[in-house]
Structures are given as structure tokens and as C-alpha cells.
Amino acid sequence: VDETYIMVKPDGVQRGLVGEIISRFEKKGFKLTGLKLFQCPKELAEEHYKDLKAKPFFPGLIDYITSGPVVCMAWEGVGVVASARKLIGSTDPLKAEPGTIRGDLAVQTGRNVVHGSDSPENGKREIGLWFKEGELCQWTPAQAPWLRE
Ligand code: GTP
Ligand code: MG
Numbered sequence: 091v092d093e094t095y096i097m098v099k100p101d102g103v104q105r106g107l108v109g110e111i112i113s114r115f116e117k118k119g120f121k122l123t124g125l126k127l128f129q130c131p132k133e134l135a136e137e138h139y140k141d142l143k144a145k146p147f148f149p150g151l152i153d154y155i156t157s158g159p160v161v162c163m164a165w166e167g168v169g170v171v172a173s174a175r176k177l178i179g180s181t182d183p184l185k186a187e188p189g190t191i192r193g194d195l196a197v198q199t200g201r202n203v204v205h206g207s208d209s210p211e212n213g214k215r216e217i218g219l220w221f222k223e224g225e226l227c228q229w230t231p232a233q234a235p236w237l238r239e
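So the sequence shown is numbered by the UniProt record's numbering: it starts at 91 and just counts up by one.
Okay, here's the thing in C-alpha cells:
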């Protein structure tokens, strides 16, 4: 079963979009296994986005992600990584389809309200980066037999 790291970025928290964003994944039928409000230290933001270190927007990205609390989430389910990316929409919210989180709730790449892992490997890596072991819960949702045959 895949797992993905989803994060409401500081703009999503400041704009009161936390519940709305959690709802999209909850209603879809994925399983929440980790959730916390967290002020991200600079070192963690740099590690999380290390592949983008050479980009001109990198310093601004680190300032953005550390500018206020984020909501960290781990979600589990068959195909959750790719599906979450679809629910989130394109990186540039003006290009994101209506119906997606960014398409509905944001207007600029530098303030695109939510993060989602881009591969199952990165899902595992990022959950390991943002959560300690005791912070994750394994549980069986009561609705499980109504979601999958
Ligand atoms: P994440 O889910 O946050 O990883 O976004 P993504 O996978 O859609 O995009 P990518 O990993 O390429 O970039 C990570 C984040 O860096 C984006 O979500 C933006 O917040 C930011 N970013 C990417 N490209 C630009 C850019 O051209 N300008 C600015 N200001 N920010 C950018
Ligand atoms: Mg990315």
C-alpha cells in the first residue's frame, strides 16, 4: 500500500483552508495515518526541498515554508501518491484544473497552499523526514469494506 506526505503550507493555514484541504483527501477515501500542526525549522525545509537547491526561487521557497505553521499529514491507500497529485492539481494554480485544490483555492505558484509527494519513494522519505515513529497511527477505518470490494 502506498503512502504519501501531504502538507498544508503556511498560506493554507493562514487563510483558514486546513479543514477544506483535509476534507478533500478524507472524502476521497484515503486513510489518514499522521497529522500535526508544526513550525518547520529552516534545516528541515532545506532537506525536504533539497532537489530544488539550485533553483533561483529556492531561498524564497524556504522563507515561505518556514514563515508560519504548516499542517503535516501522512495518507495511505492503493495509488494514493498519484491520486493525491491529481487532487492537488498543477504546480501553477492558474494552470490547475477547477476542481483541484490549487485550481479552486490559489492563484500563484509561490503560494500554492499544499504539498504532495511526487513518487512512492519520496512519500516514504518525506513521511520519515516530517514524522517521528510514535506520531503515526495504524488503524482500520470502519468504512473500509464500503470503499473497496
Ligand atoms: P510540491 O508538492 O510543493 O513539491 O509542488 P510540486 O511538486 O507541484 O512542484 P515542485 O516540486 O517542482 O516545486 C516545489 C514547490 O516550489 C512548489 O510547490 C512551489 O511552492 C515552489 N516553486 C516551484 N517552482 C516555482 C517557481 O517557479 N517560482 C516560485 N516562486 N516557486 C516555485
Ligand atoms: Mg514537488
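Ideal Cβ placement from N, Cα and C applies to all residues, glycine included.
DSSP three-state assignment for residue i, whether helix, strand or coil
| i | result |
| --- | --- |
| Y139 | coil |
| L127 | strand |
| A192 | Checking the displayed sequence, the identity of residue 192 turns out to be Arg instead of Ala. If DSSP states are grouped into helix, strand and coil, R192 belongs with the helices. |
| G167 | strand |
Euclidean distance between Cα positions of residue i and residue j
| i | j | result |
| --- | --- | --- |
| F221 | S207 | 14 Å |
| G213 | K140 | 15 Å |
| D92 | Q233 | 19 Å |
| C227 | A172 | 22 Å |
| V160 | P146 | 23 Å |
| L219 | P188 | 31 Å |
Cβ distance (whole Å) where residue i is taken to contact residue j below 8 Å
| i | j | result |
| --- | --- | --- |
| T94 | K132 | So it is not a contact: roughly 24 Å between Cβ atoms. |
Cross-strand partners of residue i (DSSP beta bridge)
| i | result |
| --- | --- |
| V98 | V161, V204 |
| K121 | E166 |
| D92 | G167 |
(request) Any chance you could list the residues with Cβ under 7 Å from a heavy atom of the ligand MG, keeping chain order? (result) With the criterion CB distance below 7 Å from any heavy atom of the ligand MG, the matching residues run H205, D208 along the chain.
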